[in-house]
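Trainee: Okay, here's the structure, questions in a sec.
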Amino acid sequence: MKAGYKLPEVTFHTRVRDDSIGGDNPFKWEDKTTADYFAGKRVVLFSLPGAFTPTCSTYQLPGFENGFADFQAEGIDAIYCMSVNDSFVMNKWAQSQELKNVKVIPDGSGEFTRRMGMLVRKDNLGFGLRSWRYAAVVNDGVIEAWFEEPGLCDNHGEDPYGVSSPETVLSYLKEAKAEAVA
């Protein structure tokens, strides 16, 4: 659906560790742009409804984290997890998941998600505006392959999961690599 689409230029407000600050909260604000994350790299981006939610924390994020070496073997430089959550929440979630490989991107205002056409209302769950679940292979800021869960709509009664799973994305990468060699 979105293959060939260039990612929107957005500034993300992140909190990064700075040990020179000291104390219990050694973090500083650091703005990052779409180019900072995606320029000159082939990456997997996956976005989900919310940090700390069951499907995201139990299957999707751990699957990408634990399969990182497999993705690297297929030519992926980085894996990014995005959610319409602020940097404090995303950093705490990354810490609680003991992430070493997957990097989190906070889309606190939902601007990137909105411009991707994936911002939905989740008022039925008390979430407000959130991302519909999807994954993409992004090459130098351009979508190479798109994996969107079915049923995109506001206040969906379920949380579909499968199309954007690590297994599906890895299968695509292996097939694409085999086709390129053939």
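Once you know that position 52 of the sequence shown is 52 in my numbering, the rest is easy, because the numbers rise by one and skip nothing.
Cβ coordinates follow ideal geometry from the N, Cα and C atoms, glycine included.
Does the Cβ-Cβ distance between residue 134 and residue 148 come in under 8 Å?
Mentor: In the sequence shown, the residue the question calls residue 134 occupies position 134. In the sequence shown, the residue the question calls residue 148 occupies position 148. Yes, they are a contact pair.
Trainee: Could you give the C-beta distance for residue 165 and residue 49, rounded to a whole number, given that I count them as a contact under 8 Å?
Mentor: For the purposes of this step, residue 165 is taken as residue 165 along the sequence shown, with counting starting at 1. For the purposes of this step, residue 49 is taken as residue 49 along the sequence shown, with counting starting at 1. The Cβ separation is near 15 Å, so there is no contact.
Trainee: Nearest to residue 38 by alpha carbon, out of 155, 9, 4?
Mentor: Residue 38 sits at position 38 when you count from the first residue of the sequence shown. Out of 155, 9, 4, 9 has the C-alpha closest to the C-alpha of residue 38.
Trainee: Nearest to residue 129 by CA position, among 64, 15, 83, is which residue?
Mentor: Mapped onto the sequence shown, residue 129 falls at position 129. It is 83.
Trainee: Helix, strand or coil: which one does DSSP assign to residue 139?
Mentor: Translated into the one-based positions of the sequence shown, residue 139 becomes position 139. It is a strand residue.
Trainee: Taking Cβ to Cβ, would you say residue 140 is nearer than 8 Å to residue 108?
Mentor: Walking along the sequence shown from the start, residue 140 turns up at place 140. Walking along the sequence shown from the start, residue 108 turns up at place 108. Contact flag unset, no.
Trainee: Where does the unbroken alpha helix (DSSP H) through residue 178 begin, and where does it stop?
Mentor: Position 178 of the sequence shown holds residue 178. Run containing residue 178: 166-181, per the alpha helix (DSSP H) assignment.
Trainee: Helix, strand or coil: how does DSSP classify residue 3 here?
Mentor: By 1-based counting over the sequence shown, the position of residue 3 is 3. In the structure shown, residue 3 sits in coil (DSSP, three-state: anything other than H, G, I, E or B).
Trainee: Quick one: Cα of residue 36 to Cα of residue 151, how far?
Mentor: Along the sequence shown, read from residue 1 onward, the residue named residue 36 stands at position 36. Along the sequence shown, read from residue 1 onward, the residue named residue 151 stands at position 151. Cα-Cα distance, rounded: 31 Å.
Trainee: Assess contact between the segment 110-119 and the segment 20-31, defined as three or more Cβ pairs (one per stretch) separated by less than 8 Å. Is contact present?
Mentor: no
Trainee: Taking Cβ to Cβ, would you say residue 181 is nearer than 8 Å to residue 137?
Mentor: Position 181 of the sequence shown, counted from the start, is the residue given in the question as residue 181. Position 137 of the sequence shown, counted from the start, is the residue given in the question as residue 137. The Cβ-Cβ distance between residue 181 and residue 137 does not fall below 8 Å.
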